[in-house]
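**Q** Mind having a look at this structure? Questions to follow.
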Amino acid sequence: MLEAFMLQASSYAADIDFVVNLVGVLVGFWFFLCSGVFFYFIFRYRAKDGVKAEWITGEVKSQKNWVFYPHLLVLVCDVFILAAAIRVWVDVKQVIPEENTPVRIVSQQWAWTFVHPGPDGELDTPDDITKIDELHLETNRVYRYELSSLDVMHDFSVPVFRLKQDAIPGRIIQGWFKPTMAGEFDVQCAEMCGIGHGLMPARVYVESPEQHAMWMAQHAPKSLAAITAP
Amino acid sequence: MAPLRTLRFLAAGAVWALAISASPVLAEDAPTGEQIFALCTQCHGSVGQGNVAVAAPPISGMDEWYVAKQLRKYQTGARGKHAADHEGLKMRPMVRFLKTDAWVDNVAAHVAGLPRHTPEATLIGGDSERGKGLYGPCAACHGQAGEGVQATNGAPLVGLSDWYLYSSIEKFKAGIRGSDPLDTDGAVMRGMAMILVDDQAMKDVIAHIMTFSN
Ligand SMILES: [Cu+2]
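These protein sequence lines are chains Y and X, in that order. Residue 112 is where the first sequence starts when you use the working numbering, and the numbers rise one by one after that. Residue 370 is where the second sequence starts when you use the working numbering, and the numbers rise one by one after that.
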């Protein structure tokens, strides 16, 4: 349903959409049912000659049942929503897959700095590739991000990944994602962060492993290129 | 003060709205420099006097060619795209707002027409007499009185605040500015910044540059 509006480009995008859809369907069901009952009653008990309006206090059992039973049923729906939401929450936000490639994301007013680990897959080594407003990833690889902020709160949001994570000054927040679709996608800041908030878009480039290797070779830090040149 | 602030805010808002609604047709007749400048005042101050709190240097009265050139450098990423250039990264997104060349030219002309700011000294420990000697080689590109020399792309230095001069020279030395392959004249300045071997030399030469403003 939602993928018609926004591509699902990460491994958990469909799971998150499932929860959103589930909430939509269950809440939608009760919304339309209640609206129907209300409109029916409004019509059925409309003003009629010779019938006096009545004040109902809602203490009679037969009247209370109209609230009591639906409310139990709604609670049952909540259990389904909670179960689905907790499952997705644990999977997306609580457990980082063991095998992963780190990537550092630094937010500031008003730019994103992405530190890619380079060919060795490790941060803080000489082959790291630092880019402003450009994040290059490989399809079907699990990335563990380390998100921080240099000044105020920002929010790293990649709609096609269904990923949205606040960046909080003074904290390094870890999480993960796994791109599943090659392409070029938007990154937005989703937390009001000052005058340049709307002017800090970035891009994610998801590439095939071969393309990604080529990109890394082309953008290897200069000093390193000098060392490894023949 | 309060009504003036509100007015400025509204003016900035109006330009923003213009920018957002700018269709290709509208882009042809760009807003005036004064209209665009309403955005710049948010950081560079109401008359372009600069604001140390947001690290925005004074720009009022700077030569038009230099202002336009810097704005274009921010647009192409020749300046302000280094991960350690935290101030440049704040300025860089602001030029995304300048839709066409005409916007750049209009605002640059407006900035150049503003009366030049007289900065106050904030750095201590600089010896302007020693700085005078150190400034010798700088004059070839920046002019005897720091007025800037377009033929050498040498920036005007008169009117700039000492804290900004300091951080700029530091950035040149560290390769945070002037190291982008697109920034060829920044690269020239990088080499010159190396002449100022230590903190004291930087402060001395800055103390001398500050005398140009009086
Ligand atoms: Cu932000």
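All C-beta atoms in this analysis are idealised placements derived from N, C-alpha and C, irrespective of residue type, glycine included.
Can you have a look at Y:Trp141 and say buried or exposed, based on whether 16 or more other CB atoms are within 10 angstroms of its CB?
**A** In the first sequence, the residue the question calls residue 141 of chain Y occupies position 30. That one is exposed.
**Q** What residues in the region 300-313 of chain Y have a beta carbon less than 7 Å from any beta carbon of chain X?
**A** Going along the region 300-313 of chain Y in chain order, one finds Ile306, Gly307, Leu310 and Met311 with a Cβ nearer than 7 Å to chain X.
**Q** For a contact defined as C-beta to C-beta under 9 Å, what are the partners of Y:Trp200 on chain X?
**A** For the purposes of this step, residue 200 of chain Y is taken as the residue at position 89 of the first sequence. Per Cβ cutoff of 9 Å: no residues; Y:Trp200 is ~33 Å from chain X at best.
**Q** Tell me where the beta strand (DSSP E) around Y:Ser268 begins and ends.
**A** Taking the first sequence and counting its residues from 1, one reaches residue 268 of chain Y at position 157. Here the beta strand (DSSP E) through Y:Ser268 covers His265 to Val269.
**Q** Looking at Y:Phe292: is its Cβ nearer than 8 Å to the Cβ of Y:Leu118?
**A** Taking the first residue of the first sequence as 1, we reach residue 292 of chain Y at position 181. Taking the first residue of the first sequence as 1, we reach residue 118 of chain Y at position 7. Here the sequence assigns Met to residue 292 of chain Y, which means Phe is not the residue at that position. For Y:Met292 and Y:Leu118, yes; Cβs fall inside 8 Å.
**Q** Answer yes or no: does any C-beta atom of chain Y fall closer than 8 Å to that of X:Pro550?
**A** Residue numbering aside, residue 550 of chain X sits at position 181 when the second sequence is read from its first letter. It does not: the Cβ of X:Pro550 has no partner Cβ on chain Y nearer than 8 Å.
**Q** In the DSSP assignment, find the beta strand (DSSP E) that holds Y:Arg314 and state where it starts and stops.
**A** Numbered from its first residue, the first sequence carries residue 314 of chain Y at position 203. First-last of the beta strand (DSSP E) with Y:Arg314: Ala313 to Glu318.
**Q** Pick out whichever of Y:Leu248, Y:Ile192 and Y:Gly229 has its Cα sitting closest to the Cα of Y:Arg314.
**A** Taking the first residue of the first sequence as 1, we reach residue 314 of chain Y at position 203. The shortest C-alpha separation from Y:Arg314 is found at Y:Leu248.
**Q** Could you spell out the range, first to last residue, of the beta strand (DSSP E) harbouring Y:Arg294?
**A** Working through the first sequence from its first residue, we reach residue 294 of chain Y at position 183. It should be pointed out that residue 294 of chain Y corresponds to Gly in this sequence rather than to Arg. Y:Gly294 -> beta strand (DSSP E) spans Gly294 to Cys300.
**Q** Using the beta-carbon count (16 or more within 10 Å), is X:Leu395 buried or exposed?
**A** Taking the first residue of the second sequence as position 1, residue 395 of chain X is located at position 26. Residue confidence is low: X:Leu395 scores 47 on pLDDT, short of 50, so the model does not pin down where it sits. Its coordinate-derived value is still stated next. Result: exposed.
**Q** Short of 6 Å in beta carbon distance, which residues of its chain neighbour Y:Trp223, apart from the five on each side in sequence? Order them along the chain.
**A** Mapped onto the first sequence, residue 223 of chain Y falls at position 112. Cβ within range, chain order: Asp244 and Ala313.
**Q** Considering only the beta carbon of each residue, do X:Ile545 and X:Asp454 sit closer than 8 Å?
**A** Counted from its first residue, the second sequence places residue 545 of chain X at position 176. Counted from its first residue, the second sequence places residue 454 of chain X at position 85. Yes, the pair counts as a contact, with Cβ atoms nearer than the cut-off.
**Q** Along chain X, in chain order, which residues have C-beta atoms closer than 9 Å to that of Y:Trp221?
**A** Against the first sequence, residue 221 of chain Y aligns to sequence position 110. What Y:Trp221 touches in chain X: Leu458, Lys459, Arg461, Pro462 and Met463.
**Q** Does X:Gln411 have its Cβ less than 8 Å from a Cβ in chain Y?
**A** Position 42 of the second sequence, counted from the start, is the residue given in the question as residue 411 of chain X. So, interface residue.
**Q** Less than 7 Å between the CB of Y:Cys304 and some heavy atom of ligand 1, yes or no?
**A** Residue numbering aside, residue 304 of chain Y sits at position 193 when the first sequence is read from its first letter. Yes - ligand 1 has a heavy atom lying nearer than 7 Å to the Cβ of Y:Cys304.
**Q** For a cutoff of 8 Å on Cβ pairs, would you count Y:Thr236 as touching chain X?
**A** Along the first sequence, read from residue 1 onward, the residue named residue 236 of chain Y stands at position 125. Cβ-Cβ to chain X under 8 Å: no for Y:Thr236.
**Q** Could you tell me which residues DSSP puts in a beta bridge with Y:Val214?
**A** The residue labelled residue 214 of chain Y in the question sits at position 103 within the first sequence. Answer by DSSP bridge pairing, in chain order: Y:Tyr256.
**Q** Where does X:Phe581 fall in DSSP's three states?
**A** Residue mapping note: residue 581 of chain X aligns to position 212 of the second sequence, counting from 1. Reduced to three states, the DSSP call for X:Phe581 is coil.
**Q** Please go through the same chain and pick out, in chain order, the residues whose beta-carbon is closer than 7 Å to the beta-carbon of X:Leu458, but skip the five residues on each side of it.
**A** The residue given as residue 458 of chain X occupies position 89 in the second sequence. So the list reads Gly449, once near-sequence residues are dropped.
**Q** Can the beta-carbon of Y:Pro230 be found less than 8 Å from the beta-carbon of Y:Asp239?
**A** One-based indexing of the first sequence puts residue 230 of chain Y at position 119. One-based indexing of the first sequence puts residue 239 of chain Y at position 128. No, the pair does not count as a contact, with Cβ atoms beyond the cut-off.
**Q** Can you tell me whether Y:Val162 is helix, strand or coil according to DSSP?
**A** Start at 1 with the first residue of the first sequence, and residue 162 of chain Y comes out as number 51. Reduced to three states, the DSSP call for Y:Val162 is coil.
**Q** Does DSSP put X:Val394 in a helix, a strand or coil?
**A** On the second sequence, position 25 is the one that residue 394 of chain X refers to. Only weak support is given to the placement of X:Val394: the predicted model assigns it a pLDDT of 46, under 50, and the question is left unresolved by the model.
**Q** Name, please, each residue of chain Y whose Cβ falls closer than 7 Å to the Cβ of X:Ala452.
**A** As a working note, residue 452 of chain X is residue 83 in the second sequence. Result: Thr224, Thr241 and Ile243.
**Q** What residues in the region 260-278 of chain Y have a beta carbon less than 7 Å from any beta carbon of chain X?
**A** Correct list: Leu261.
**Q** Taking the alpha-carbon positions, what's the Y:Glu170 to Y:Cys145 distance?
**A** Position 59 of the first sequence, counted from the first residue, corresponds to residue 170 of chain Y. Position 34 of the first sequence, counted from the first residue, corresponds to residue 145 of chain Y. Answer to the nearest angstrom: the Cα atoms are 20 Å apart.
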